[in-house]
């Protein structure tokens, strides 16, 4: 014959399990959200690096900065609706600034510098530091 004690879990056991799950979730969620922010910043850096390379190729081939639809194609090549790239420059000097809708800081890149966090571009194509 079965006793009433063997019928299932006690309320204390269920509460202990719920507390353990809550603690694990409290640890895992911030780590996951931090990974999302890093991935978004990485996507923005990749878009800037690609636009920088494409612009540099145009400068080498045409000895002038891209303009019109060619520039639009370069700035839109990343294909991410959350990323917006802006171009400035003069002569053969250029700067590209990128903003991700879900990332706090803007990034910028020039033909000589890798992407820099918190930077922006001056109208003459130089980098304005963070």
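In my numbering, the protein residues as written are 311 to 440.
All residues carry an ideal CB built from backbone N, CA and C; glycine is no exception.
This one's a predicted model, so the numbers in the text were calculated from it and none came from an experiment.
Reference residue i, options the options, closest by Cα
i, options, result
"residue 395", "424, 404 and 361", "361"
"residue 386", "346, 364, 336 and 432", "364"
"residue 416", "317, 389 and 354", "354"
"residue 288", "404, 358, 414 and 410", "There is no way to answer for residue 288, as the model of the chain reaches only from 311 to 440."
"residue 374", "397, 402 and 389", "402"
"residue 391", "337, 397 and 409", "409"
"residue 520", "412, 411 and 435", "Given that the chain is displayed from residue 311 to residue 440, the structure contains no residue 520 and the question cannot be resolved."
"residue 421", "412, 413, 431 and 414", "431"
"residue 406", "412, 376 and 371", "376"
"residue 356", "381, 325 and 389", "389"
"residue 393", "320, 350 and 321", "350"
Continuous beta strand (DSSP E) stretch holding residue i: start and end
i, result
"residue 399", "393 to 400"
"residue 382", "Where residue 382 is concerned, there is no enclosing beta strand (DSSP E), although the alpha helix (DSSP H) it sits in stretches over 378 to 386."
"residue 403", "403 to 410"
"residue 418", "417 to 420"
The alpha helix (DSSP H) enclosing residue i, as first and last residue numbers
i, result
"residue 342", "321 to 372"
Exposure label - residue i; buried when at least 16 CB within 10 Å
i, result
"residue 342", "exposed"
"residue 384", "buried"
"residue 331", "exposed"
"residue 367", "exposed"
"residue 276", "Residue 276 lies beyond the stretch modelled for the chain, which goes from 311 to 440, so this question has no answer here."
Rounded distance between the beta-carbons of residue j and residue i, thought under 8 angstroms
i, j, result
"residue 429", "residue 438", "6 angstroms"
Chain C contact for residue i (CB, 7 angstroms cutoff)
i, result
"residue 319", "The chain labelled as chain C is not found in the depicted structure, where only one protein chain is given."
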